[in-house]
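Data first, discussion second: the structure below is written as structure tokens.
In the numbering used here, the protein residues as written are 64 to 468.
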């Protein structure tokens, strides 16, 4: 309790209080990982360190924990802000602009940054944030992701001076979105680097050629074989192909991006095993019409109501003799799906990053601190909020001053 009192005093006044209640001036030791935080932000960081000291594996990385938890809250704000722009022609609800909710789009950004990895050549992956540059930015699979990157620009503007990279932000935004939409707790380690300019994979292995991400039509071959070609190239197993496909519980397809239309589930902003439930329980028919007119887009499937969709690379999971039993497992056991998805997602987002990632694993201070900390836990969360506020205005305000477009 004395330590808690002292830390609160530092957080609020900059003066430490001894256990006997006597005040004395507190000098902050500069920590090598603190970068150059503003004075008031340093105060809150010092307070949080005292609380985190109750958990020794956290205290050593307190500044990173507080920094990334502040970033988490800013990303959550962007996801929840109804004015966050996601333009689109389909008139989807959610955030503004017709493109639907931005949370699933952040998941897609993290996945497309990571899914370009090739284990044979060691090229691609999320290190480098290479999607910021053409030609990768213009690859067909990445259509619409410029909207996601634009929404995260204010986060980089606010925290970049503390060593935070685009590459880490893009992956972390996907993690935060999955967790905010009810998914499993996900591991995150910072340390990814940013490429300075466009390059070929031969010049800079962080870059990758077009064609590394899956095409929903199977690219002219059996869709199941196409999925194997794409995911085995990254080092994934057949089981993990099904696991990661479960991410289609989230989001929708867009006629002005992929050319396809519609959500896979009735709850596209809730992470669940609903993708597998729909695969198992619905009958799927070739889509022939759209809003009363003939469907002119690529081959896709719809349920009897026409409101849900599946892609050829989705339906093949139900028809392939190896994939099918895994679909049935996840249909029956959401907890198993969550556990295995969290493991596969961490592998995916760390592909090609092994040499640069920190040993420090960022935890969600809001969710994962030991319950025994009680009041201290609430104080840490408050310290994160105060620290975030001390760094400047909230990110969604920055958007109005020209961050978008």
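From the three backbone atoms N, C-alpha and C, an ideal C-beta is built for every residue, glycine too.
Which residues in the same chain have their Cβ closer than 7 Å to the Cβ of residue i, if we skip the five residues on either side of it in sequence?
i           : result
residue 218 : 134, 137, 138, 232, 458
residue 94  : Low local confidence applies: a pLDDT of 38 at residue 94 is under 50, so the model's placement there is unreliable, and no value is given.
residue 202 : 273
residue 361 : 280, 322, 323
residue 230 : 189, 190, 191, 192, 255, 256, 257
residue 268 : 185, 186
Comparing alpha-carbon positions, which option in the options lies nearest residue i?
i           : options            : result
residue 403 : 201, 302, 252, 125 : 302
residue 373 : 385, 148, 349      : 349
residue 354 : 343, 318, 378, 337 : 318
residue 335 : 199, 414, 245, 324 : 245
residue 307 : 203, 446, 393      : 393
residue 248 : 400, 347, 342, 385 : 400
residue 278 : 223, 376, 130, 405 : 376
residue 128 : 448, 453, 425, 444 : 425
residue 329 : 322, 321, 342      : 342
residue 140 : 454, 243, 293      : 243
residue 291 : 155, 379, 410      : 379
residue 204 : 177, 390, 221      : 177
residue 211 : 251, 356, 150      : 150
residue 142 : 407, 333, 385, 293 : 333
residue 386 : 265, 131, 309, 214 : 309
residue 294 : 416, 356, 208, 410 : 410
residue 124 : 148, 446, 406, 421 : 421
residue 286 : 381, 131, 192, 193 : 381
Rounding to the nearest angstrom, what Cα-Cα distance links residue i and residue j in this structure?
i           : j           : result
residue 450 : residue 253 : 19 Å
residue 79  : residue 398 : Note on residue 79: pLDDT 38, under 50, position unreliable in the model; no value is reported.
residue 388 : residue 345 : 17 Å
residue 54  : residue 358 : Since the first residue of the chain shown is 64 and the last is 468, residue 54 is not available in this structure.
residue 270 : residue 296 : 16 Å
residue 324 : residue 351 : 12 Å
residue 144 : residue 159 : 9 Å
residue 206 : residue 175 : 11 Å
residue 340 : residue 225 : 44 Å
residue 228 : residue 216 : 11 Å
residue 395 : residue 408 : 21 Å
residue 383 : residue 371 : 22 Å
residue 416 : residue 391 : 33 Å
residue 130 : residue 147 : 23 Å
residue 15  : residue 445 : In the structure as shown, the chain starts at 64 and stops at 468, and residue 15 therefore has no counterpart that could be examined.
residue 156 : residue 304 : 30 Å
residue 223 : residue 214 : 15 Å
residue 266 : residue 414 : 19 Å
residue 194 : residue 356 : 36 Å
In the DSSP output, which residue or residues are listed as bridge partners for residue i?
i           : result
residue 159 : 148
residue 348 : 365
residue 325 : 316
residue 191 : 257
residue 357 : 352
residue 372 : 365
residue 181 : 186
Going by beta carbon distance, what residues of the same chain come within less than 6 Å of residue i, once the five residues before and after it are set aside?
i           : result
residue 289 : 281, 282
residue 234 : 173, 189, 412
residue 18  : No information on residue 18 is available, as it lies outside the stretch 64 to 468 that the chain covers here.
residue 321 : none
residue 251 : 235, 238, 425
residue 97  : Low per-residue confidence applies at residue 97: pLDDT is 45, beneath 50, and the placement is therefore not dependable, though the value from the model is reported in the following sentence. Taken in chain order, the residues that qualify are 126.
residue 132 : 428, 447
residue 179 : 187, 271, 275
residue 430 : none
Only counting the same chain, and skipping five residues up and downstream in sequence, which positions put a Cβ closer than 8 Å to that of residue i?
i           : result
residue 181 : 187, 271, 275, 296, 297
residue 153 : 161, 162, 163, 315, 317, 318, 319, 324
residue 419 : 190, 254, 255, 256
residue 347 : 364, 365, 366, 373, 378
residue 331 : 163, 164, 167, 312, 313, 314, 315
residue 209 : 200
Taking 7 Å as the line, does the beta carbon of residue i fall inside it for any heavy atom of the ligand MG?
i           : result
residue 339 : Within the structure as shown, the ligand MG is missing, as the structure has no ligands at all.
Practice task
Count the CB pairs spanning the segment 238–256 and the segment 167–179 that are closer than 8 Å, and state whether there are at least three.
Solution key: yes
Practice task
Decide yes or no for the touch test of the segment 146–164 against the segment 301–319: beta carbon pairs closer than 8 Å, at least 3 of them.
Solution key: yes
Exercise for the section: Check whether the segment 282–291 touches the segment 184–191, counting contact only when three or more Cβ pairs, one atom from each stretch, lie closer than 8 Å. Expected result: no
Exercise for the section: Evaluate contact between the segment 291–307 and the segment 351–371, counting only Cβ atoms and requiring at least three cross-stretch pairs below 8 Å. Expected result: no
Practice task
Examine the Cβ distances between the segment 191–210 and the segment 249–267 and report whether three or more of them are shorter than 8 Å.
Solution key: yes
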